[in-house]
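The numbering used here puts the first residue of the sequence shown at 844, with every later residue one more than the last.
Each residue gets a CB set at the ideal place from its N, CA and C atoms; glycine is no exception.
Since the model is a prediction, treat every value here as computed from it, not as a measurement.
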Amino acid sequence: MSDDSPVRRRRRNPEQTRKAIVDALLSAMKERQAIPTAKDIAARAGVSERSVFVHFAGLDDLSAAATEAQSEYVESLVATVDAALPLEERIAAVVAQSAEIFAAQRHPRLYGLMESNTMPAVDARMRLTDKRIREALARVFEPELTRDGAPDGELLDLIEATAGWAFRHHLMDRRGLPQQAASRAITRALGALFADNAPRH
844 MSDDSPVRRR RRNPEQTRKA IVDALLSAMK ERQAIPTAKD IAARAGVSER
894 SVFVHFAGLD DLSAAATEAQ SEYVESLVAT VDAALPLEER IAAVVAQSAE
944 IFAAQRHPRL YGLMESNTMP AVDARMRLTD KRIREALARV FEPELTRDGA
994 PDGELLDLIE ATAGWAFRHH LMDRRGLPQQ AASRAITRAL GALFADNAPR
1044 H
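Below, the structure written as structure tokens:
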């Protein structure tokens, strides 16, 4: 019995079908498939091509829904790290978290960045996730980021860039480093940032 059979489709309610279509698009992105067509997505989801357009007005709407689902998943990986821990432990926790987030975002983010140029909804949702990750970093490193009662926004920019997707992408996908080597480089870079910005007596 094929995935497309009437019996298979009857088992899904509309919300399940919609989710299957979104998951199919994300699956294609994670496998670095060239931008998939509605036919490709339908085949992955086990639905008819017509069903894709029953649940989504067009592929742009589907991309926006996939961005929302992906963003929610990435945000669920942002853990609370106690700012009272020693700096070395906080850096280790942030680097481990960055590796987990990169694994989730690795290829879908490439598609998202391309689509964000022409789809305001995708751009806005991706920026919101970036903002939430930045806010989490600000909380983790609040002791180092506060000087004379004022936050050091420039240092936070550098921390965000160092711990973020783009730097790990450069190390792993452009330079070809394995994950552990990339994490060591990021740990070293963060340590250097904080050493550089330590209060001078």
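Could you check which residue in the options has the C-alpha nearest to that of residue i?
i	options	result
residue 950	1036, 1009 and 885	1009
residue 957	910, 1017, 918 and 991	910
residue 987	861, 881, 873 and 1034	1034
residue 884	864, 1024 and 901	864
residue 979	887, 965, 933 and 1021	933
residue 918	894, 991, 996 and 974	974
residue 984	968, 972 and 1001	1001
residue 892	872, 996, 876 and 861	861
residue 920	948, 901, 995 and 874	948
residue 954	872, 859 and 1029	872
residue 1039	993, 997, 1021 and 967	997
residue 1003	876, 967, 1024 and 1029	1029
residue 890	859, 994 and 959	859
residue 875	952, 1022 and 995	952
Quick one: does the C-beta of residue i sit closer than 7 Å to a heavy atom of the ligand COA?
i	result
residue 928	Of the ligands one can find in the structure shown there are none, so the ligand COA has no counterpart to examine.
Find out if the Cβ-Cβ distance for the pair residue i, residue j is shorter than 8 Å.
i	j	result
residue 962	residue 866	no
residue 945	residue 1031	no
residue 870	residue 942	no
residue 935	residue 982	no
residue 888	residue 899	no
residue 1037	residue 928	no
residue 970	residue 999	no
residue 1006	residue 924	no
residue 940	residue 922	yes
residue 868	residue 879	yes
residue 897	residue 881	no
With which residues is residue i paired in a DSSP beta bridge?
i	result
residue 989	994
Does any C-beta atom of chain B lie closer than 8 Å to the C-beta of residue i?
i	result
residue 906	The chain inventory of the structure shown lacks chain B, comprising one protein chain alone.
* Is it true that the segment 1015-1029 meets the segment 905-924, where meeting means three or more beta-carbon pairs spaced less than 8 Å apart? -> no
* Report the residue ranges of all beta strand (DSSP E) runs contained in full by the segment 926-983; include only those spanning at least 3 residues, in chain order. => none
* To do: Return the chain-ordered ranges of every alpha helix (DSSP H) run that is complete within the segment 862-908 and spans a minimum of 4 residues.
  => 881-888 and 892-898
* Every unbroken alpha helix (DSSP H) within the segment 1000-1032, with a cutoff of 4 residues, ordered by chain -> 1008-1012
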